[in-house]
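*Asks:* Please read through the structure below; I'll follow up with questions.
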Amino acid sequence: MNENRIKIALTKGRVEKQVIPLLEEAGINCDQIRNKQRRLIFNSETQPYQFILAKGPDVTTFLERGAADIGIVGSDILTEHQNSQYELLGLNIGKCQFVLASTQDFDPEAPKRKIIGTKYPLITKRYFDSLGQDVEIIKIEGSVELAPLTGLADAIVDITETGTTIRENHLKIFDYLDKVSTRLVVNRMALKQHPDAIFDFVDRLKTVIENNKVGQA
Amino acid sequence: MNNNLLSLGTRDEFGRRAVVKQHVASVIGDTFSDRGFAKISTPLLEKQSVFEPYKLGNYQMYRLLDQEGDTIVLRPDMTLPIARFLSSTNISLPQKFWYVGDIFRISRRLSGSYNELTQAGIELVGYSSIKAEFECLVLINLLSQKLLDEPVEIELGIADFAEVILSELTDDEALKQAIAQSLYDKQVPLYEELISQFKDRSEFQFLMNWPRLFGDPAKIFDQLANFNLSKPMQNRIDELKKVIAWLKQILPNQVVSIDLSSKAPQQYYTGLTFKGFSKAGSGYLFSGGRYDKLLANFQDVSESAVGMGINIDLLTDLLVNKSQTKQKKLIYFQEEQWCEAEELLKNTPDGILSLSDNLENAKLEAEKLDAQLIDMTEGEYIE
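Sequences listed follow chains A and B, in order. According to our numbering, the residues represented by the first sequence are 44 to 260, in order. According to our numbering, the residues represented by the second sequence are 53 to 435, in order.
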């Protein structure tokens with residue numbers, strides 16, 4: 044079965060927790076992932092799937108290089124890493140939005156070259172390009188909210204789900220950018236090589252997502 | 053700084069991989085020569101303007117300046133230099149060319165991709181008949197049989213299929229481009245959002261199914277029968293059916309599929325497109341099609357042309373992973389036995405001469421090479 048397994052790279056952490064119930068509703072056995080301990084790769088005992096747990100940016104790398112056939116990852120990472128693989132399905136989870144935020148006294152119209160802290164330099168550059176503004180971008184790996192609070196940057200571009208972390212750090216949202224959600228992405232060549240198995244997986248999930256939408260409505 | 057480090061995206065090739073790659077290039081070159089193609093070599097360096105029609109996608113070009121201050125590039129493609137060559141010389145057409153060489157494309161940093169790639173290919177220039185496409189399809193079949201154990205699937209497409217459909221749908225150029233791009237990239241959530249404004253149109257069911265219109269031709273044609281296709285769309289489908297019927301007749305064992313939602317490899321493609329892939333490869337092994345307007349980038353007169361590129365690195369990867377190494381025979385001899393050793397070498401398949409200066413070193417050499425040692429210094433050869 045090993046050679047014919049569909050390799051699915053799943054973003055570990057929050058995405059993993061939100062996706063497992065959907066996969067189970069779709070009839071995909073996730074017992075091994077639930078009992079993973081410290082393991083990162085699992086061959087399903089009953090179904091032709093191999094699951095790989097990885098960080099979001101690495102999911103895009105696995106897909107690009109053909110080390111994974113399917114990836115489940117946030118659209119923020121897909122955009123930032125210039126995904127070139129097929130994006131077949133929105134999973135209707137992990138919904139959040141990019142925002143421009145800073146301290147209360149930040150003036151977006153101030154006549155100066157702003158310094159912006161972010162984990163997402165490409166998305167930030169595209170946003171300010173669309174405004175016709177040239178800014179200096181500082182790449183920050185975590186706790187982006189610290190940048191304006193410590194004077195490292197004038198403002199930040201980051202994603203937020205409810206705005207709570209931003210408010211708790213006494214920051215204010217000045218603009219809303221692109222919306223973000225979790226996507227199912229497929230390696231271009233894999234879709235040509237295993238169309239039936241991949242579409243079966245996609246369609247099972249799609250049915251669950253559509254049923255959930257009806258339930259929520 | 054260390055002076056023995058490679059620059060990003062490059063690699064040395066040696067040992068088994070180098071041997072297999074040379075074998076792949078030789079088989080391809082010999083096949084083209086046997087079928088009457090003329091070899092052409094163009095420079096690694098070209099003026100940047102040569103590649104104006106070329107869409108690099110996520111890649112960039114290596115750029116440098118020449119003595120006149122003009123920007124020159126390491127070629128990212130082999131077809132446009134041949135078009136440049138034809139437009140600047142008085143070569144009479146039609147002509148069939150073949151080439152092999154390295155191309156350079158800067159890929160995303162630290163992505164595991166290589167920036168120097170080896171490509172072979174053919175250009176059939178001045179041929180307007182479908183026979184030129186057929187020659188390429190036959191060559192995909194022939195080369196895959198010569199080089200690979202597994203079958204290669206040929207995937208056919210039509211360069212302007214999306215353009216024809218979208219032009220019937222709307223005059224809004226930006227919308228057409230956005231729909232086409234989301235279709236080619238199968239960004240299905242975005243694609244479905246963009247086409248939702250056409251849900252009252254008779255084409256809507258076709259539009260909804262379009263991203264999945266690829267695979268077995270019979271199944272796709274059955275699906276198409278459920279849609280109301282316009283005359284231009286039907287004409288293109290009929291052309292595709294003719295090619296498939298021809299392939300079934302001439303190459304009955306060839307696996308063929310179609311993709312009506314794929315993008316042509318480059319924007320200068322005008323007609324039938326074709327690609328070849330195996331179940332094991334991580335990309336397309338063969339890719340080509342018709343581009344009748346290619347020369348128009350360099351001269352006033354257009355010429356009919358069909359071309360095909362072959363990914364030699366990918367073919368090499370497939371072969372290196374699969375092929376078994378035959379055990380070599382290492383021939384150890386004294387200097388005065390050189391002529392005798394040459395004679396033995398001629399008659400020993402997989403034989404190689406040991407240049408070690410004593411038997412002990414020859415034994416070590418054989419061990420390193422996992423070779424069988426033939427010792428000529430002991431009177432009768434000990435194997």
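By construction, the Cβ of each residue, glycine as well, lies at the ideal position given by its N, Cα and C atoms. From a predicted model like this one, the values you see are computed outputs, not experimental measurements.
Mind checking whether residue 357 of chain B and residue 336 of chain B have CB atoms under 8 Å apart?
*Replies:* no
*Asks:* Which residues mark the beginning and the end of the beta strand (DSSP E) in which residue 309 of chain B is found?
*Replies:* That run of the beta strand (DSSP E) goes 308–311.
*Asks:* Return the residue from the list B:121, B:137, B:113 that minimises the CA-CA distance to residue 127 of chain B.
*Replies:* B:113
*Asks:* Quick one: using the 10 Å Cβ neighbour count with 16 as the cut-off for buried, is residue 295 of chain B buried or exposed?
*Replies:* buried
*Asks:* Which residues, taken in chain order from the region 331–342 of chain B, show a beta carbon closer than 8 Å to some beta carbon of chain A?
*Replies:* Result list: 331, 333, 334, 335, 336.
*Asks:* Are the CB atoms of residue 174 of chain B and residue 360 of chain B within a distance shorter than 8 Å?
*Replies:* yes
*Asks:* Counting only Cβ pairs nearer than 9 Å, list the residues of chain A close to residue 378 of chain B.
*Replies:* By Cβ distance, chain A contributes nothing, its closest Cβ being about 26 Å from residue 378 of chain B, past 9 Å.
*Asks:* Assess contact between the region 256–272 of chain B and the region 232–240 of chain B, defined as three or more Cβ pairs (one per stretch) separated by less than 8 Å. Is contact present?
*Replies:* yes
*Asks:* Mind listing the chain D neighbours of residue 236 of chain A? Cutoff is C-beta to C-beta under 8 Å, in chain order.
*Replies:* The question asks about chain D, but that chain is absent: this structure's protein chains are A and B.
*Asks:* Listed in chain order, which residues of the region 219–241 of chain B have Cβ atoms closer than 8 Å to some Cβ of chain A?
*Replies:* From the region 219–241 of chain B, only 237, 238, 239, 240, 241 have a Cβ closer than 8 Å to chain A.
*Asks:* For residue 163 of chain B, would you say it is in contact with chain A, using Cβ-to-Cβ distances shorter than 8 Å as the test?
*Replies:* yes
*Asks:* Hey, quick one: how far does the alpha helix (DSSP H) through residue 215 of chain B stretch, first residue to last?
*Replies:* For residue 215 of chain B, the enclosing alpha helix (DSSP H) starts and ends at 213–221.
*Asks:* Hey, could you find the ends of the alpha helix (DSSP H) residue 366 of chain B is sitting in?
*Replies:* 364–374
*Asks:* Under the assumption that residue 330 of chain B contacts residue 200 of chain B (Cβ atoms under 8 Å), give the Cβ distance between them as a whole number of angstroms.
*Replies:* Yes, they are in contact, since the Cβ atoms of residue 330 of chain B and residue 200 of chain B sit about 6 Å apart, within 8 Å.
*Asks:* For residue 57 of chain A, verify whether its CB is less than 7 Å away from any heavy atom of the ligand GDP.
*Replies:* No copy of the ligand GDP appears in this structure; indeed no ligand is present at all.
*Asks:* Helix or strand or just coil, what does DSSP make of residue 129 of chain A?
*Replies:* strand
*Asks:* Taking only beta carbons into account, state which residues of the region 116–147 of chain A come closer than 7 Å to chain B, listed in chain order.
*Replies:* 125, 127, 129, 130, 131, 132, 133
*Asks:* Verify whether the separation of the beta carbon atoms of residue 299 of chain B and residue 332 of chain B is less than 8 Å.
*Replies:* no
*Asks:* When the cut-off is 8 Å and only beta carbons count, does residue 110 of chain B lie next to chain A?
*Replies:* yes
*Asks:* Nearest chain B C-beta to residue 203 of chain A closer than 8 Å, yes or no?
*Replies:* The beta carbon of residue 203 of chain A sits no closer than 8 Å to any beta carbon of chain B.
*Asks:* Check this for me: beta carbons of residue 453 of chain B and residue 381 of chain B, under 8 Å apart or not?
*Replies:* Since the first residue of chain B shown is 53 and the last is 435, residue 453 of chain B is not available in this structure.
*Asks:* In whole angstroms, what is the alpha-carbon distance linking residue 198 of chain B and residue 109 of chain B?
*Replies:* 32 Å
*Asks:* Taking only the alpha-carbon atoms, compute the straight-line gap between residue 340 of chain B and residue 186 of chain B and give it to the nearest angstrom.
*Replies:* Those two C-alpha atoms are separated by around 12 Å.
*Asks:* Which residue or residues does DSSP assign as beta-bridge partners of residue 280 of chain B?
*Replies:* In DSSP, residue 280 of chain B forms no bridge with anything.
*Asks:* According to DSSP, residue 289 of chain B sits in a beta bridge with which residue or residues?
*Replies:* In DSSP, residue 289 of chain B forms no bridge with anything.
*Asks:* Using beta-carbon positions only, say whether residue 247 of chain B and residue 259 of chain B come within less than 8 Å of one another.
*Replies:* yes
*Asks:* Exposed or buried, what is residue 145 of chain B when buried is set at 16 or more other beta-carbons lying within 10 Å of its beta-carbon?
*Replies:* exposed
*Asks:* Could you spell out the range, first to last residue, of the alpha helix (DSSP H) harbouring residue 261 of chain A?
*Replies:* With chain A covering 44 to 260 only, the question about residue 261 of chain A has no answer from this structure.
*Asks:* Along chain A, which residues have their Cβ under 8 Å away from the Cβ of residue 267 of chain B?
*Replies:* Those are 238, listed as they occur along chain A.
*Asks:* Taking the C-alpha atoms as reference points, what is the distance between residue 96 of chain B and residue 56 of chain B?
*Replies:* 24 Å
*Asks:* Would you mind giving the Cβ-Cβ distance between residue 164 of chain B and residue 311 of chain B, rounded to the nearest angstrom? I have them listed as a contact below 8 Å.
*Replies:* Wrong, their Cβ atoms sit about 26 Å apart, outside the cutoff.
*Asks:* Less than 8 Å between CB atoms is the rule here; does residue 275 of chain A satisfy it with respect to chain B?
*Replies:* This structure cannot settle anything about residue 275 of chain A, because the visible part of chain A is limited to 44 through 260.
*Asks:* Does the contact criterion of 3 or more C-beta pairs under 8 Å hold for the region 48–57 of chain A versus the region 83–98 of chain A?
*Replies:* yes
*Asks:* Taking Cβ positions only, does residue 107 of chain A come closer than 8 Å to chain B?
*Replies:* yes
*Asks:* Inspect the beta-carbon positions of residue 197 of chain A and residue 166 of chain A and report whether they are closer than 8 Å.
*Replies:* no
*Asks:* Return the residue from the list B:349, B:355, B:430, B:362 that minimises the CA-CA distance to residue 132 of chain B.
*Replies:* B:349
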